[in-house]
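Participant: Right, I'll just put the structure down here and ask away after.
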Amino acid sequence: MSKQEYDFTDLILLIGTNPLPNYVVAKYFFLTNKSLQRIWLIYSEKTEFYQGTGQYAEDIKKVLETEFKQSNVRYLLHNLSVISQAQTIKEQVAKILSKQNGIKKIHLNYTGGTKAMSVHAYRALEGKLGEGFSASYLDARDYRMKFDKNPDINTGDLRKTIQLKMSDLFSLHNSEILGNTNNEYLETISDSPRRDNIMQSIADLANQNKLLDLRNWFNTAKQGGLFSEGEKGEEKIKKIMASFNDNYKLLFNYLSKFPDNDRFCDEKGYWLCSNFDKNKNTKQLNKFLNGGWLEAYVAWVISNNRKEQNNVITNIYLKTRGKSGSKKFEIDVLAKNGYQICGISCGTPLKFENQKEILPNTLKNKGFEVILRSSQIGGDEARSVLVTLLNPTLAKNLENDLKAATGAGQDKFIVLGINDLPAEKMWEKLKKHIYE
250 MSKQEYDFTD
260 LILLIGTNPL
270 PNYVVAKYFF
280 LTNKSLQRIW
290 LIYSEKTEFY
300 QGTGQYAEDI
310 KKVLETEFKQ
320 SNVRYLLHNL
330 SVISQAQTIK
340 EQVAKILSKQ
350 NGIKKIHLNY
360 TGGTKAMSVH
370 AYRALEGKLG
380 EGFSASYLDA
390 RDYRMKFDKN
400 PDINTGDLRK
410 TIQLKMSDLF
420 SLHNSEILGN
430 TNNEYLETIS
440 DSPRRDNIMQ
450 SIADLANQNK
460 LLDLRNWFNT
470 AKQGGLFSEG
480 EKGEEKIKKI
490 MASFNDNYKL
500 LFNYLSKFPD
510 NDRFCDEKGY
520 WLCSNFDKNK
530 NTKQLNKFLN
540 GGWLEAYVAW
550 VISNNRKEQN
560 NVITNIYLKT
570 RGKSGSKKFE
580 IDVLAKNGYQ
590 ICGISCGTPL
600 KFENQKEILP
610 NTLKNKGFEV
620 ILRSSQIGGD
630 EARSVLVTLL
640 NPTLAKNLEN
650 DLKAATGAGQ
660 DKFIVLGIND
670 LPAEKMWEKL
680 KKHIYE
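Structure follows, in structure tokens:
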């Protein structure tokens, strides 16, 4: 961030449906403008045609007040009853400003709000303040602030200086986390080295292109009824598992790393038949074995390479606070780079017709959802990833289809396939996509 300092007393923010850019702008000026006295949050009023953005204004105010407790900056919330008619917007902006005497320098950041709000608020303020008026916007392409009258100002990449806690990110969207924010099964394992050994054994499978062994083993056991309630018997278990022989040493190594009651075989591939009857974490364990391992593995790879605390969380269940609290959604993995977020969805389905691999519809739906949810939380700056077990051709075709269907930019969304999942290769792709 540049050492540029500013001297305006009043900052005006136009509040749209994504509060994150407004938070970033406000925090930037908190850090660089000692003269700041007031922040005006101009939001749209709720009508029968649109929801209005008053709640977002309240959420921004609340997060900033908590973060800058020692500040004397005042927050002034005002609504525009009409956000599409030029003259009405100008008149309402002028009326709002008339309530505060002695304003000499005012700065408008027009990143948020509608286009009409931006244009006509700009004209109204420039006409009233003249040389005392300045304006800027936060560029989602390079994460820098751009100043209309001072284009040479270089704020630097604000992702590196404007940090945001995960809890504040959700608060900005009037949301709260429901339930666990880490992989549910792994959290039942108190032994941290054991958890790491499980993840490392998945990495070993990925590095040797053996991840499908993990999926095939689970499906074989499930279809054979080995995860259903009741006693199975040693003979039945060994018959169902007969196809897993000495060629599956990495799979046996993976299964042997689990806690005693959840371990289905030892390192040599000897089946621990009694554990098919009595594993004590059945629901959580089965969810992990049935695909939860992939999101845990992705989060593990990121965390191993980015040591910042709370840089990545998994199994995020979000609920909107208040009257609209029935609105719930889930993101498998959420990674953060400064204030920029990347939502990651993981899916293990595969589908074959006439011995040829084809695209499962569930993965396309997952792709649509992660693009949408990431954008809802992170705005234009957000990025998203879909991690799959698809072959390279299907993965690339799916990526291109989703980009075309959603308008996601070239650098905003990627699909990873089975060949991208060795730990080092995955990290290189995720690092470039999220952190560069």
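Take 250 as the starting number for the sequence shown in the numbering used here and just add one per residue.
Every residue, glycine too, gets a C-beta built ideally from N, C-alpha and C.
These numbers come from a predicted model, not from an experiment.
Using the three-state DSSP reduction, which class does residue 588 fall into: helix, strand or coil?
Facilitator: It is coil, neither helix nor strand.
Participant: Around the C-beta of residue 611, are 16 or more other C-beta atoms found within 10 angstroms, so that it is buried, or is it exposed?
Facilitator: So residue 611 ends up on the exposed side.
Participant: Where does residue 615 land, buried or exposed, given buried means 16+ other C-beta within 10 angstroms?
Facilitator: Buried, since its Cβ has 16 or more Cβ neighbours within 10 Å.
Participant: DSSP three-state call for residue 480: helix, strand or coil?
Facilitator: Here residue 480 sits in coil by DSSP.
Participant: Hey, could you find the ends of the beta strand (DSSP E) residue 394 is sitting in?
Facilitator: Element bounds for residue 394: 393-396.
Participant: With distance defined between alpha-carbon atoms, name the residue in 288, 256 and 258 nearest to residue 271.
Facilitator: Among 288, 256 and 258, the Cα nearest to that of residue 271 belongs to 288.
Participant: Which word fits residue 268, buried or exposed, when buried means at least 16 other C-beta atoms lie within 10 angstroms of its C-beta?
Facilitator: Buried, because 16 or more other Cβ atoms sit within 10 Å of the Cβ of residue 268.
Participant: Verify whether the separation of the beta carbon atoms of residue 585 and residue 560 is less than 8 Å.
Facilitator: A contact, by the Cβ cut-off of 8 Å.
Participant: In angstroms with no decimal places, state the Cα-to-Cα distance between residue 450 and residue 308.
Facilitator: Cα to Cα, the separation comes out at about 43 Å.
Participant: Tell me whether residue 665 is buried or exposed, calling it buried when 16 or more other Cβ atoms sit within 10 Å of its Cβ.
Facilitator: Counting Cβ neighbours within 10 Å, residue 665 comes out buried, since at least 16 surround it.
Participant: Consult DSSP for residue 556 and reduce its assignment to one of helix, strand or coil.
Facilitator: Residue 556 falls in the coil class under three-state DSSP.
Participant: Beta carbon of residue 258, beta carbon of residue 402: below 8 Å?
Facilitator: Cβ distance not < 8 Å, so residue 258 and residue 402 don't count as in contact.
Participant: Mapping DSSP to helix, strand and coil, what is residue 451?
Facilitator: Residue 451 falls in the helix class under three-state DSSP.
Participant: Out of 324, 593 and 603, state which residue places its alpha-carbon closest to the alpha-carbon of residue 290.
Facilitator: It is 324 whose Cα lies nearest to the Cα of residue 290.
Participant: Taking CB distances under 8 Å as the criterion, tell me whether residue 394 reaches chain B.
Facilitator: No chain B appears in this structure, which consists of one protein chain only.
Participant: Measure the C-alpha to C-alpha separation of residue 498 and residue 623 and round it to an integer number of angstroms.
Facilitator: One C-alpha to the other measures close to 39 Å.
Participant: Could you check how far apart the C-beta atoms of residue 443 and residue 536 are, in whole angstroms? I think they sit under 8 Å.
Facilitator: So it is not a contact: roughly 18 Å between Cβ atoms.
Participant: Put residue 369 into one of helix, strand or coil per three-state DSSP.
Facilitator: Helix, per DSSP.
Participant: In angstroms with no decimal places, state the Cα-to-Cα distance between residue 639 and residue 501.
Facilitator: Each residue's Cα considered, the two are about 23 Å apart.
Participant: In the DSSP assignment, what residue or residues form a beta bridge with residue 622?
Facilitator: DSSP, once it has assigned bridges, lists no residue as partnering residue 622.
Participant: So, does the stretch 648-658 touch the stretch 667-678, judging by three or more C-beta pairs under 8 Å?
Facilitator: With a cut-off of 8 Å, the stretch 667-678 and the stretch 648-658 do not count as touching, because too few Cβ pairs lie within range.
Participant: With DSSP collapsed to three states, give me the class of residue 272.
Facilitator: Residue 272: helix per DSSP, three-state reduction.
Participant: Using the C-alpha atoms, what's the distance from residue 597 back to residue 417?
Facilitator: Whole-angstrom Cα-Cα distance: 32 Å.
Participant: Between residue 689 and residue 379, what straight-line distance do the alpha-carbon atoms span, to the nearest angstrom?
Facilitator: Residue numbering for the chain in the displayed model covers 250 to 685; residue 689 lies beyond these limits and cannot be assessed.
Participant: Which of the three DSSP states is assigned to residue 425 in this structure?
Facilitator: In the structure shown, residue 425 sits in a strand (DSSP, three-state: E or B).
Participant: By the 10 Å Cβ neighbour count, where 16 or more other Cβ atoms means buried, how is residue 284 classified, buried or exposed?
Facilitator: Classification for residue 284: exposed.
Participant: Enumerate in chain order the residues of its own chain whose CB-to-CB distance from residue 326 is below 6 Å, with the five nearest sequence positions on each side excluded.
Facilitator: Within the same chain, residue 326 has close Cβ partners 290 and 306.
Participant: Do you know whose CA, among 408, 492, 513 and 608, lies nearest residue 475's CA?
Facilitator: With distances taken between Cα atoms, residue 475 lies closest to 513.
Participant: Output the distance between the C-alpha atoms of residue 599 and residue 331, rounded to the nearest integer angstrom.
Facilitator: Going from the Cα of residue 599 to the Cα of residue 331 covers about 50 Å.
Participant: Using a threshold of 8 Å, state whether the C-beta atoms of residue 311 and residue 441 are closer than that.
Facilitator: Going by C-beta atoms, residue 311 is not nearer than 8 Å to residue 441.
Participant: Would residue 662 and residue 620 qualify as a contact pair, given that the criterion is a beta-carbon distance under 8 Å?
Facilitator: In contact: residue 662 and residue 620 (Cβ atoms closer than 8 Å).
Participant: With 16 as the cutoff for other CB atoms within 10 Å, does residue 339 come out buried or exposed?
Facilitator: Residue 339 is buried by the Cβ-count criterion.
Participant: Buried or exposed for residue 221, please, with buried defined as at least 16 other CB atoms from any protein chain shown within 10 angstroms of its CB.
Facilitator: The question about residue 221 has no answer, for the chain in this structure spans 250 to 685.
Participant: So which of 301, 299 and 370 has the shortest CA-CA distance to residue 334?
Facilitator: Among 301, 299 and 370, the Cα nearest to that of residue 334 is on 370.
Participant: For residue 398, collect the residues of the same chain with a Cβ closer than 8 Å to its Cβ; drop the 5 residues on either side in sequence, then sort them by chain order.
Facilitator: The residues are 383 and 384.
Participant: In this structure, what does DSSP give as the bridge partners for residue 565?
Facilitator: 580.
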